[in-house]
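Chemist:
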Amino acid sequence: MIPVQLILKNFLSYRDATLDFRGLHTACICGSNGAGKSSLLEAITWAIWGESRATAEDDVIYSGATEVRVDFTFHNNQQKYRVIRTRLRGASGVLEFQIETPSGFRSLTGKGVRATQDVIIQHIKLDYDTFINSAYLRQGRADEFMLKRPTERKEILAELLKLNQYDELEERAKDSSKKFKFRVEDLERSLEAIKIQLQQRETTVAQRTELEAELNKLQEVQAFDNIQLQSLQVVQHQRQNWEQQLSFVRQQFQNLTQDCDRLQQEQLAVKTQLADLEAILNQQSEIQAGYTEYQNLQSQEEAFAAKFEQHTHATGLRQLKQQQLTKQINDIERQLQQTQAQLEALQQQEQEIQQTLTKSGDVEAALAQLAAARNHVAHLDQLQMQVTPLLQQRTTLQSQLDRTHAGLAARLEQLQSTENQLQRQHRRQPQLQQAVMDVGLQIEELEKKRVYLQRVQEKGQERRHFIERLQAHQRDYEKLLGELEQKLQMLQNPNALCPLCERPLDEHHWSRVIEKTQLEYQDTQGQFWVVREQMAVSDREIQVLRQEYREISQQLAAYDALREQRGQLAAQLEATTDVQQQLQQIAAEKEHLERSLQTGDYAPDKQAELRQLNEYLQQLNYNEQDHALARSEVERWRWAEIKLQQIKDATKRRATLAARKPELQANIAQLQTRIQQEQIDSECARQIAALARQIAEISYSSEQHNHLRQSVREAQSWHLRYQQMLSAQQQYPQLQARLQELAVAQTARLAERQQLANQIESIIQQLAQTDNPSAQIQALEQQLATRRRHLDEQIAKLGRLEQLAHQLETQQVEYEQQQQQLQYCKQQYRVYQELSQAFGKNGIQALMIENVLPQLEAETNKLLSRLSGNQLHVQFVTQKAGRSGKSSKKNAKLIDTLDILIADTRGTRAYETYSGGEAFRINFAIRLALAKLLAQRVGAALQLLIVDEGFGTQDAEGCDRLIAAINAIAADFACILTVTHMPHLKEAFQARIEVNKTQQGSQLLLSV
370 MIPVQLILKN FLSYRDATLD FRGLHTACIC GSNGAGKSSL LEAITWAIWG
420 ESRATAEDDV IYSGATEVRV DFTFHNNQQK YRVIRTRLRG ASGVLEFQIE
470 TPSGFRSLTG KGVRATQDVI IQHIKLDYDT FINSAYLRQG RADEFMLKRP
520 TERKEILAEL LKLNQYDELE ERAKDSSKKF KFRVEDLERS LEAIKIQLQQ
570 RETTVAQRTE LEAELNKLQE VQAFDNIQLQ SLQVVQHQRQ NWEQQLSFVR
620 QQFQNLTQDC DRLQQEQLAV KTQLADLEAI LNQQSEIQAG YTEYQNLQSQ
670 EEAFAAKFEQ HTHATGLRQL KQQQLTKQIN DIERQLQQTQ AQLEALQQQE
720 QEIQQTLTKS GDVEAALAQL AAARNHVAHL DQLQMQVTPL LQQRTTLQSQ
770 LDRTHAGLAA RLEQLQSTEN QLQRQHRRQP QLQQAVMDVG LQIEELEKKR
820 VYLQRVQEKG QERRHFIERL QAHQRDYEKL LGELEQKLQM LQNPNALCPL
870 CERPLDEHHW SRVIEKTQLE YQDTQGQFWV VREQMAVSDR EIQVLRQEYR
920 EISQQLAAYD ALREQRGQLA AQLEATTDVQ QQLQQIAAEK EHLERSLQTG
970 DYAPDKQAEL RQLNEYLQQL NYNEQDHALA RSEVERWRWA EIKLQQIKDA
1020 TKRRATLAAR KPELQANIAQ LQTRIQQEQI DSECARQIAA LARQIAEISY
1070 SSEQHNHLRQ SVREAQSWHL RYQQMLSAQQ QYPQLQARLQ ELAVAQTARL
1120 AERQQLANQI ESIIQQLAQT DNPSAQIQAL EQQLATRRRH LDEQIAKLGR
1170 LEQLAHQLET QQVEYEQQQQ QLQYCKQQYR VYQELSQAFG KNGIQALMIE
1220 NVLPQLEAET NKLLSRLSGN QLHVQFVTQK AGRSGKSSKK NAKLIDTLDI
1270 LIADTRGTRA YETYSGGEAF RINFAIRLAL AKLLAQRVGA ALQLLIVDEG
1320 FGTQDAEGCD RLIAAINAIA ADFACILTVT HMPHLKEAFQ ARIEVNKTQQ
1370 GSQLLLSV
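Heads up: take any position in the sequence shown, counting from 1, add 369, and you land on my numbering.
1) Hey, could you find the ends of the beta strand (DSSP E) F390 is sitting in?
2) What would DSSP say about D496, mapped onto helix, strand or coil?
3) What separation, rounded to the nearest whole angstrom, lies between the Cα atoms of S768 and E978?
4) Per the contact definition of three or more C-beta pairs closer than 8 angstroms, is the segment 736-743 in contact with the segment 1002-1011?
5) S907 and R832: beta carbons closer than 8 angstroms?
6) Taking buried to mean at least 16 other C-beta atoms within 10 Å of its own C-beta, is G405 buried or exposed?
7) Are the CB atoms of H444 and A1339 nearer to each other than 8 angstroms?
8) Less than 8 angstroms between the C-beta atoms of L1241 and D1273, yes or no?
9) Work out the CA separation of Q609 and Q634 for me, nearest whole Å.
10) If contact is defined by three or more beta carbon pairs under 8 angstroms, each pair taking one atom from either stretch, is the segment 1120-1138 in contact with the segment 566-574?
11) From Q491, R881, G851, I698, pick the residue whose C-alpha is nearest to that of Y890; which is it?
12) Between the alpha carbons of S1257 and E920, how many angstroms are there, rounded?
13) With a threshold of 16 other CB atoms inside 10 Å of the CB of E1287, please say whether the residue is buried or exposed.
14) Run through DSSP, which three-state label would V361 get?
15) Would you identify the three-state DSSP class for S472, choosing helix, strand or coil?
16) Between I722 and E1047, which are expected to be in contact by the criterion C-beta below 8 angstroms, what is the C-beta distance as a whole number of angstroms?
17) Taking only three categories from DSSP, how would you classify G895?
18) What residue from K1210, N1239, F1245, L1373 has the CA that sits closest to P1223's CA?
19) Would you please state the rounded distance, in angstroms, between the beta carbons of L580 and L1170? I believe it to be under 8 angstroms.
20) In the DSSP assignment, find the alpha helix (DSSP H) that holds A775 and state where it starts and stops.
21) How is A396 classed by DSSP in three states: helix, strand or coil?
22) For V1316, name the three-state secondary structure that DSSP assigns.
23) Going by DSSP in three states, A1272 sits in which element: helix, strand or coil?
24) Quick check on DSSP: helix, strand or coil for V805?
25) Quick one: Cα of L1375 to Cα of C397, how far?
26) Is it right to say Y383 is buried, meaning 16 or more other beta carbons lie within 10 angstroms of its own, or is it exposed?
27) Mind checking who R454 pairs with in its DSSP beta bridge?
28) Alpha carbon to alpha carbon, what distance is there between N1292 and Y1283?
29) In the DSSP assignment, what are the bridge partners of V618?
30) Here's a check: name, in chain order, each residue in its chain whose Cβ is nearer than 8 angstroms to the Cβ of Q1163, leaving out the five neighbours to either side.
31) List, from N- to C-terminal side, the alpha helix (DSSP H) runs of 4 residues or more that fit wholly inside the segment 1179-1258.
32) Out of curiosity, what's the CA-to-CA distance linking V618 and Q599?
33) Cα separation between N1127 and Q623?
34) Going along the chain, which residues of its own chain have a beta-carbon closer than 7 angstroms to the beta-carbon of Q1369, five neighbours each way excluded?
35) Hey, quick one: how far does the alpha helix (DSSP H) through F380 stretch, first residue to last?
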């Protein structure tokens, strides 16, 4: 994948940005921390795979924006593609995928984001995990592989190589194996149970015949008893009808008796009401006189009520007018109080102004002091302007002298250190000569072992080829044995045909064919076991060769380091020849520096200039403290200016107050006169007097009105008695008629009751003449029910026997089917057992990792030699001896691991003991080797390399080597992008993409 153009809108720290990659081969993305360098690379991964470092999907949207859009164009496999991904805040995203054609870009977008994502991965042959572990060396993840434990490294390597698909296949094979194992066990148990049940078939047929004969007899007896029961039920039904009729007539007789009693009680109630009405009608004259007196009292009370309304209205109106008058007087009094308060405030201001004017003499004296103080400060300000640049110049000269002194002292310390180091080198010359000889002997010994290792490797390859030929023979023999077994099974049939000519065989020829086939089967089986034995022996030989190869490889791990050490020792030995001359030069320079520091005769021109400045400053005689005191004196007399302004303002205000005072006094006198007029001669006062005269003319007495109301309440009882009299005059004739109607109804009810009594006596006689068959019916029903239950039990038993017979027939068929299934499941169980072992950690996965690691180790050391100047070497170890105290060292059990041995000029040591720069170079080499390996495995060319923040841990030499390594591998890639925040490193790259963060978001500047 080669980038062509990247267009960003509202992505992370970018508002609007466009980056054109055309013409860029090796480029540096530079800028300060947080400027948005890594966001450019995150935009590429988000556009293609929808993945970024943001925890939530909306976090990629620029703060304050509602929509994000990334448009990325790139080349892949000689074809140009374009990906456009957009997203609205709080909503789902949209993904478009296009391919360039002669007529323009053509859409390859699928139905939905997921379908389009699958199309993109299908075309570029890279998923997100493979990309970030190959082409994209992300920020902060360079040492992720090295910091893991050995077992975790192996898991990570397996994950990067996509070997986890074999774990899934292993689990699926195990699940299928378990499934078929459980199925075999279930089928075996089921077949055993069916076999036991099939033994009951003959017993079931005999029981069924016997049970059918017994059922026929029981059904005949049951039919006869049912006919007899029906005749008795007819007689019982007739008796039940007579009993129901008797119960109905008795109920009617009881109802008529209750009606007669009710009519008798109603007659007594009507007679009582007639007596009460006669008593009321006898008092008619007395009630009439009392009602007339009640009407006279009520008319008098109505006249007094009219006077009460007039009196109440006039009194309320007078109170309202009195409130209005009081409100008007209160308003005027409130105005009078406000005017008096203004007059008092005016008088108070006059007194304050007079006090201010009395202080004018003190203010004039203070103003004179203020003018003198300001003149003194102006003089000191002029001196300060002359002195300030002179003081700055003196400070600069003094700092320059201090730096010169410090530089001489540092140079003296450096010479002392160099002298000590050269003296140590001079003393180490014999040791270096001996070390060069020792290392040379070790290298000669290891070179012999390398030759032997090559022979072991050739022998191992010869053994593997031999095993492959044996495996081919084994498959041929297995196929032949299967064919011979099939022939023998066919010949077991008495009517079997000849396997060659397909003609019928007589007994003699049949025996000969059987014997010949069996002999051929035995010969083939013998050859098959010979091949298996040869394979086992070859496997053991290969295991021994592998162990020997590992031991020799471990011994040869130090070969490159020893060669590098020999070169370094030779260089150090050559450098010791010039040590004596260097020591003499250093001694002379040290003596000169010590004399200069003791006498202080360095930088004479600057020291003379400093003395002149000090003399001139003494002549000016400027003192910062005197200057500060003069300023404080000016501040102390500043109050005189403020007081002078206050006196001027007081003079103006006194004239204004003198004109305002007579006006306020006139207003007070006018308001007092208005209050007196409102109380005597206003419109409200005249209306109040008229209402008082009207109340006196009404002459209403509440005492007389209350006495009259009491008399009306006492006479109200005559009104109630008058109403009762009128009601009695209407009800008396109606009650007399109702009494006659009740007497007639009672006579009719008594006649009907006598008829019903005669009918009841007739029905009782008929029931006495007929016998009750209930006991016979109950006994017969019990016999029928008992026989019915027995009959149902026998029928159910017969049904169970028929069902059992049908089940036995079905089970016979099922028994044959399950036998076939059992054979199939056993075969499948063996197949999946072998598959689970093949897909396991010790099968295909271990073989693939062992094949990959030599390539990874070779590529890593090739890159590391460029980065470290042949100073570092890496070795991957996949097995080591276990920690078993009982076994000897030769017989120790080997365990799987993935240790990384790192060697430098001091030998092999732990990864944590290397410096930050060395550790990063090791991590960079391993990651880049992994990147190439992963790209080769997925079938994609690794054309793009991104190194994010790889320079921070490097010293100057390490940065130069890393840049040199990037330039050295530049020919292997179409585009290399490096990210750094170190400004001085961008000069090493001709093409630079500079990122700056502004208020409008991150901005890009491309320099080529």
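Each residue gets a CB set at the ideal place from its N, CA and C atoms; glycine is no exception. Since we're looking at a predicted model, the values are computed, not measured.
Modeler: Let me spell this out:
1) It is not in any beta strand (DSSP E) - F390 carries neither H nor E in the DSSP assignment.
2) coil
3) 13 angstroms
4) yes
5) yes
6) buried
7) no
8) In this structure, L1241 places its C-beta atom within 8 angstroms of the C-beta atom of D1273.
9) 38 angstroms
10) no
11) G851
12) In this prediction, S1257 has a pLDDT of 47, which is less than 50 and means its spatial position is unreliable; nothing more can be read from the coordinates.
13) buried
14) This structure gives no information on residue 361, because the portion of the chain shown stretches from 370 to 1377.
15) Residue state, collapsed to three classes: coil.
16) Actually they do not touch by this definition, with Cβ atoms about 38 angstroms apart.
17) Of the three classes helix, strand and coil, the one that applies to G895 here is helix, per DSSP.
18) F1245
19) 7 angstroms
20) 729-796
21) Strand.
22) strand
23) Assignment of A1272 by DSSP, reduced to helix, strand and coil, places it in the strand class.
24) DSSP places V805 in the helix class (H, G or I) of the three-state scheme.
25) Those two C-alpha atoms are separated by around 10 angstroms.
26) buried
27) Paired residue(s): V439, L464.
28) 12 angstroms
29) None; V618 has no bridge partner.
30) Close CB contacts of Q1163 within its chain, under the 8 angstroms cut and outside five residues either way in sequence, are with L580, E583, L584, L587 (chain order).
31) 1215-1237
32) 29 angstroms
33) 14 angstroms
34) R384
35) Unbroken run through F380 is the beta strand (DSSP E), 371-380; no alpha helix (DSSP H).
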